[in-house]
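These protein sequence lines map, in sequence, to chains A and B.
When we follow this note's numbering, the leftmost residue of the first sequence carries the number 50, and every step to the right adds one.
When we follow this note's numbering, the leftmost residue of the second sequence carries the number 3, and every step to the right adds one.
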Amino acid sequence: MLFFGILSILLAVAFAKDTCYTDVGAACNSLPKLDRELMSNCNAKYGYTKKHHLVDLQSYANANIGISFEFLLMSSYFGNYEDQREGFKKLYRKFSDEMWEDAINTIKYITKRGGTMNFNESPSFVKPTNVLELNELNSLAKALDRQKQLANEALRIHSTFTQINKEDDAALAHYIEEKFLEPQADRVRDLAGYTNDLKNLLTDDDPSVSIFLFDEYLKKSL
Amino acid sequence: MANSCVDLLKSQVETEIKAAMTYLAMGAHFARDTVNRPGFSKFFFESASEEREHAIKIIEYLLMRGQLTDDVSKLLSNRLLPLRETWSNGVRALTEALELETNVTKHIQDIIKNCEKPNDSNFNDYHLVDYLTGEFLTEQYKGQRDLAGKISTLGKMMTAHGVLGEFLFDKKLLNNEV
């Protein structure tokens with residue numbers, strides 16, 4: 050019994066090196082040092098984030114911000130008096146709002162897991178575009194591509210730590226699955242459906258009425 | 003609308019978004035585990051979304067006045083970054099927020115001046131000037147007053163109690179009590 054008692058104390062000391070508890074103990078028993086040095090283990094890093102910075106999530110948040118602004122401008126274009134497509138305007142505004150919220154939530158999650166946000170971490174998976182004055186069908190195609198890029202990157206990030214780094218961080222995996230992978234599958238499917246519908250409608254000689262009706266459908270269905 | 007007036011109004015969209023980005027960075031800074039000021043973080047994240055809404059309001063106004071028929075892509079540059087990513091404490095961040103708002107107000111005043119008497123036309127844009135004065139300046143001055151009040155309260159709380167003052171203020175901010 051005594052042996053086990055001594056063993057457990059020895060084990061506790063041996064494994065406690067990099068814990069917050071030992072930091073606090075040392076801090077209270079010594080002369081004041083810099084705050085940061087004192088309690089370097091008193092943070093929210095565990096699992097995957099204990100060893101890795103969430104660089105991918107940082108650039109993912111930045112990508113969402115950039116794409117949110119792209120959708121905002123695409124939406125604005127359909128709101129001008131010449132194009133006058135309120136359904137398209139509403140669709141892209143909805144995406145812009147959602148990407149903006151996703152960016153904020155990603156930043157919150159990074160900090161929840163002990164990380165910091167770096168706005169300079171530019172996303173390599175998405176190339177910014179300078180042409181946002183698109184017609185109806187082209188804009189749907191562009192939107193679909195963007196949503197797929199976001200979805201593919203979310204899948205890649207997910208596999209980075211589940212497969213490549215072999216860190217079984219279920220919390221991080223669940224976050225990406227719930228907040229990104231599921232809604233992205235819906236967005237991609239919706240946009241693919243819209244694109245095909247509209248393309249088939251455009252086979253008429255004069256597609257003006259078709260586009261008008263499709264736009265009205267979009268406006269009412271959102 | 004006079005061209006110079008439209009150009010200035012368009013540039014205001016980016017000014018608002020830039021402010022939003024700095025607020026976003028403030029929200030991110032105060033959300034860190036080692037900073038842990040959830041009240042400040044919430045306040046700044048909300049401010050970021052508010053600034054974005056301002057940008058959208060200006061876009062809507064331009065659309066209402068028949069603008070943005072061919073040049074929406076030029077409204078925003080590709081990479082918009084915050085002014086900085088860390089702040090030494092709550093007072094510093096609130097003070098910088100106030101400076102940011104003062105700067106935005108100054109931009110709006112410049113637009114008002116120009117659109118009343120544009121250099122390149124005789125058209126006095128009464129409606130835009132009224133809209134900016136009534137809607138935007140009112141909101142700016144209310145926002146500035148709110149920030150100034152918060153800086154005073156927090157400053158007083160911290161003179162004698164330092165960190166405890168900021169801790170308490172943060173919890174009040176979280177529940178919209180200051």
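The beta carbon of each residue, even a glycine, is placed where N, CA and C say it ideally should be.
In this text, all values refer to a predicted model and were calculated from it rather than measured experimentally.
CB contact flag (residue 163 of chain A, residue 94 of chain A, <8 Å): Indexing the first sequence from 1 puts residue 163 of chain A at position 114. Indexing the first sequence from 1 puts residue 94 of chain A at position 45. For residue 163 of chain A and residue 94 of chain A, yes; Cβs fall inside 8 Å.
DSSP three-state assignment for residue 289 of chain A, whether helix, strand or coil: Within the shown structure, residues of chain A are numbered from 50 to 271, placing residue 289 of chain A beyond reach of any answer.
Expected contact under 8 Å - CB spacing of residue 243 of chain A and residue 189 of chain A to nearest Å: Position 194 of the first sequence, counting from 1, holds the residue named residue 243 of chain A. Position 140 of the first sequence, counting from 1, holds the residue named residue 189 of chain A. 5 Å between Cβ atoms; contact.
Where residue 66 of chain A falls: helix, strand or coil (DSSP): Numbered from 1 along the first sequence, position 17 holds the residue referred to as residue 66 of chain A. Here residue 66 of chain A carries a coil assignment [DSSP, helix/strand/coil].
CB contact check: residue 172 of chain A to chain B, cutoff 8 Å: Within the first sequence, numbered from 1, the residue matching residue 172 of chain A stands at position 123. Taking Cβ atoms only, chain B never reaches closer than 8 Å to residue 172 of chain A, which makes this a no.
Residues of the segment 197-210 of chain A whose Cβ lies closer than 9 Å to any Cβ of chain B, in chain order: none
Cβ-Cβ separation, residue 228 of chain A to residue 151 of chain A (assumed contact under 8 Å), whole Å: Locating residue 151 of chain A in the first sequence gives position 102, where the first residue counts as 1. Locating residue 228 of chain A in the first sequence gives position 179, where the first residue counts as 1. In this structure, residue 151 of chain A and residue 228 of chain A form a Cβ contact; the two beta carbons are roughly 7 Å apart against a cut-off of 8 Å.
Residue 43 of chain B - containing alpha helix (DSSP H), residue span: Taking the first residue of the second sequence as 1, we reach residue 43 of chain B at position 41. Taken as a continuous stretch (DSSP letters only), the alpha helix (DSSP H) holding residue 43 of chain B covers 40-66.
Residue 122 of chain B vs residue 5 of chain B beta-carbon contact at 8 Å: Your numbering for residue 122 of chain B matches position 120 in the second sequence. Your numbering for residue 5 of chain B matches position 3 in the second sequence. Yes, these two residues count as a Cβ contact at 8 Å.
Cutoff 8 Å: residue 164 of chain B Cβ touching any chain A Cβ: Position 162 of the second sequence, counted from the start, is the residue given in the question as residue 164 of chain B. Under the 8 Å criterion on CB atoms, residue 164 of chain B is classed as non-interfacial with respect to chain A.
Cβ-based contacts, 9 Å cut-off: residues of the segment 76-103 of chain B near chain A: 76, 77, 78, 80, 81, 82, 83, 84, 87, 88
Where the segment 149-165 of chain A meets chain B: residues whose CB sits under 7 Å from a CB there: When C-beta distances to chain B are compared with 7 Å, the residues of the segment 149-165 of chain A below that value are 149, 153, 156, 157, 160, 163, 165, in chain order.
Contact under 8 Å by Cβ, residue 3 of chain B with residue 132 of chain B: Within the second sequence, residue 3 of chain B is the residue found at index 1, counting from 1. Within the second sequence, residue 132 of chain B is the residue found at index 130, counting from 1. In this structure, residue 132 of chain B does not lie closer than 8 Å to residue 3 of chain B by Cβ.
Own chain residues within Cβ distance below 6 Å of residue 117 of chain A, not counting five before or after: Here residue 117 of chain A refers to the residue found at position 68 when the first sequence is read from its first residue. Answer for residue 117 of chain A: 145, 148, 149, listed in chain order.
Cβ-based neighbour list, residue 232 of chain A, same chain, cut-off 7 Å, excluding 5 preceding and 5 following: Locating residue 232 of chain A in the first sequence gives position 183, where the first residue counts as 1. Correct list: empty, nothing qualifies.
For residue 232 of chain A, the first and last residue of its enclosing alpha helix (DSSP H): One-based indexing of the first sequence puts residue 232 of chain A at position 183. Residues 231-250.
Supposed contact pair residue 18 of chain B and residue 168 of chain A - C-beta distance, whole angstroms, cut 8 Å: One-based indexing of the first sequence puts residue 168 of chain A at position 119. One-based indexing of the second sequence puts residue 18 of chain B at position 16. Between residue 18 of chain B and residue 168 of chain A the Cβ distance is about 17 Å, and since that is not below 8 Å, they are no contact.
Reference residue 46 of chain B; option with closest CA among B:61, B:28, B:56: By 1-based counting over the second sequence, the position of residue 46 of chain B is 44. The candidate whose alpha carbon is nearest that of residue 46 of chain B is B:28.
Runs of beta strand (DSSP E) lying entirely within the segment 88-140 of chain B, each at least 3 residues, in chain order: Taking only runs of at least 3 residues, no beta strand (DSSP E) segment lies wholly in the segment 88-140 of chain B.
Interfacial residues, the segment 173-186 of chain A to chain B, with Cβ spacing under 7 Å: When C-beta distances to chain B are compared with 7 Å, the residues of the segment 173-186 of chain A below that value are 177, 179, 180, 181, 182, in chain order.
Selected residue, minimal CA-CA separation from residue 84 of chain B, among B:25, B:168, B:159, B:162: In the second sequence, residue 84 of chain B corresponds to position 82, counting from 1. Checked all of B:25, B:168, B:159, B:162; the closest Cα to residue 84 of chain B is B:25.
Cut-off 8 Å between Cβ atoms - residues of its own chain near residue 180 of chain A, not counting five sequence neighbours on either side: Residue mapping note: residue 180 of chain A aligns to position 131 of the first sequence, counting from 1. Result list for residue 180 of chain A: empty, nothing under 8 Å.
Straight-line gap, residue 240 of chain A to residue 128 of chain A (C-alpha atoms, nearest Å): For the purposes of this step, residue 240 of chain A is identified with residue 191 of the first sequence, where counting begins at 1. For the purposes of this step, residue 128 of chain A is identified with residue 79 of the first sequence, where counting begins at 1. Rounded to the nearest angstrom, the two C-alpha atoms are 20 Å apart.
Amino acids of chain B, ordered along the chain, whose beta-carbon sits closer than 9 Å to that of residue 126 of chain A: Start at 1 with the first residue of the first sequence, and residue 126 of chain A comes out as number 77. Here the neighbours are 70, 71, 72, 74, 75.
Rounded separation between residue 166 of chain B and residue 172 of chain B - CA only: The residue given as residue 166 of chain B occupies position 164 in the second sequence. The residue given as residue 172 of chain B occupies position 170 in the second sequence. One C-alpha to the other measures close to 10 Å.
9 Å Cβ cut-off: residues of chain A touching residue 9 of chain B: In the second sequence, residue 9 of chain B corresponds to position 7, counting from 1. Under the 9 Å cutoff, chain A gives no residues; its nearest Cβ is about 16 Å from residue 9 of chain B.
Rounded straight-line distance, which links the Cα of residue 60 of chain B to that of residue 322 of chain A: Missing from the structure shown is residue 322 of chain A; chain A here goes from 50 to 271 and no further.
C-alpha gap between residue 140 of chain B and residue 54 of chain B, whole angstroms: The count along the second sequence starts at 1 and reaches residue 140 of chain B at position 138. The count along the second sequence starts at 1 and reaches residue 54 of chain B at position 52. One C-alpha to the other measures close to 17 Å.
Where the alpha helix (DSSP H) through residue 207 of chain A begins and ends: By one-based count along the first sequence, residue 207 of chain A stands at place 158. Where residue 207 of chain A is concerned, the enclosing alpha helix (DSSP H) stretches over 185-208.
Own chain residues within Cβ distance below 8 Å of residue 91 of chain A, not counting five before or after: Counting from one through the first sequence, the residue named residue 91 of chain A turns up at place 42. Excluding sequence neighbours, residue 91 of chain A sits near 69, 72, 73.
7 Å Cβ shell around residue 153 of chain B - same chain, five flanking residues per side excluded: Along the second sequence, read from residue 1 onward, the residue named residue 153 of chain B stands at position 151. Same-chain partners within the cutoff: 93, 96, 97, 100.
Whole-angstrom C-beta distance between residue 20 of chain B and residue 82 of chain B, which should lie under 8 Å: As a working note, residue 82 of chain B is residue 80 in the second sequence. As a working note, residue 20 of chain B is residue 18 in the second sequence. Contact annotation, residue 82 of chain B with residue 20 of chain B: C-beta distance approximately 6 Å; criterion of less than 8 Å satisfied.
C-beta atoms of residue 263 of chain A and residue 250 of chain A nearer than 8 Å: As a working mapping, residue 263 of chain A is identified with position 214 in the first sequence. As a working mapping, residue 250 of chain A is identified with position 201 in the first sequence. Closer than 8 Å, so yes.
8 Å Cβ cutoff, residue 172 of chain B in contact with chain A: Position 170 of the second sequence, counted from the start, is the residue given in the question as residue 172 of chain B. So no, residue 172 of chain B is outside the interface.
Assigned exposure category for residue 56 of chain B - 16 Cβ within 10 Å defines buried: If you number the second sequence from 1, residue 56 of chain B lands on position 54. If you draw a 10 Å sphere on the C-beta of residue 56 of chain B, you find 16 or more other C-beta atoms in it, and that means buried.
Test: residue 21 of chain B CB closer than 8 Å to a CB of chain A: Position 19 of the second sequence, counted from the first residue, corresponds to residue 21 of chain B. So no, residue 21 of chain B is outside the interface.
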